[in-house]
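Have a look at the structure below before the remarks.
In full-length UniProt numbering, the protein residues as written are 1 to 255.
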């Protein structure tokens, strides 16, 4: 099968759904904690990677191209790249310091994590070429769906399915469409902030689902650990996203 190359590239109140929401210094602590955790995991992954060589821990066999570990490491890189792109776009378009700070934290955290996943695939001898369909690693996993959500995010927004049958990364759940990304790029000020928050909520919801699946089903303990940290960090950020979106008048997207 042909291969498609891909790069690494305070106080507590209540929100619109009755969930706890964070404000002020508490919000900053939550997000900073997620960034710190991700950074520590990157260092841990590099150290452990020195012992892996071209195989798994302890000299065992490396994950195969069709494994949960390998599929997650490739697909989540693409998912993270869009989050980094959205975060970079909004920072150039708003003066809202809370939104700018959150966007920077998301960009730094997810860029670090994408680099770690890129490194794993290199250590496993897989490179970054796609030989398995997009999200195939989640197919058949109990309690987890590989398709898009019904809210208009994910499910065939970005181009047609390639002739190689491997699918398009835009089909992954939670991914913003090309039109939505264009709308964010064209907006500024309060409108850009609202669009960013509205797009990042379903993006994080899907990211948590993907990470939880890998945390449960991956074979490598380091992959499970990073996936679990991703899910925990993005769940904390979701609370902040809901809070900030409600403060800015929404509307809250259905997820």
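Even for Gly, the Cβ is constructed at its ideal location relative to N, Cα and C.
From the DSSP output, in three-state form, read off residue i for me.
i: residue 130; result: strand
i: residue 240; result: helix
i: residue 235; result: helix
i: residue 124; result: coil
i: residue 63; result: coil
i: residue 119; result: helix
i: residue 226; result: helix
i: residue 166; result: coil
The alpha helix (DSSP H) spanning residue i covers which residue range?
i: residue 87; result: 68 to 91
i: residue 173; result: Neither: residue 173 is in no alpha helix (DSSP H) and is coded neither H nor E.
i: residue 250; result: Residue 250 -> no alpha helix (DSSP H), and no H or E assigned at all.
i: residue 96; result: Segment: none, residue 96 is in no alpha helix (DSSP H) and carries neither H nor E.
i: residue 138; result: Run containing residue 138: none; DSSP gives neither H nor E here.
i: residue 209; result: 189 to 217
Give me the Cα-Cα distance between residue i and residue j, rounded to the nearest whole angstrom.
i: residue 104; j: residue 137; result: 30 Å
i: residue 66; j: residue 132; result: 6 Å
i: residue 123; j: residue 204; result: 28 Å
i: residue 173; j: residue 206; result: 6 Å
i: residue 248; j: residue 180; result: 19 Å
i: residue 218; j: residue 169; result: 21 Å
i: residue 35; j: residue 106; result: For residue 35, the predicted model reports a pLDDT of 46, less than 50, meaning its position is unreliable and no value from the coordinates is stated.
i: residue 195; j: residue 116; result: 29 Å
i: residue 225; j: residue 175; result: 24 Å
i: residue 72; j: residue 90; result: 27 Å
i: residue 243; j: residue 109; result: 20 Å
i: residue 209; j: residue 118; result: 20 Å
i: residue 188; j: residue 97; result: 14 Å
i: residue 129; j: residue 166; result: 11 Å
i: residue 233; j: residue 60; result: 30 Å
i: residue 64; j: residue 127; result: 12 Å
i: residue 212; j: residue 177; result: 24 Å
i: residue 141; j: residue 215; result: 12 Å
i: residue 114; j: residue 228; result: 15 Å
Are there three or more Cβ pairs, one per stretch, closer than 8 Å when the stretch 77 to 88 is compared with the stretch 188 to 207?
yes
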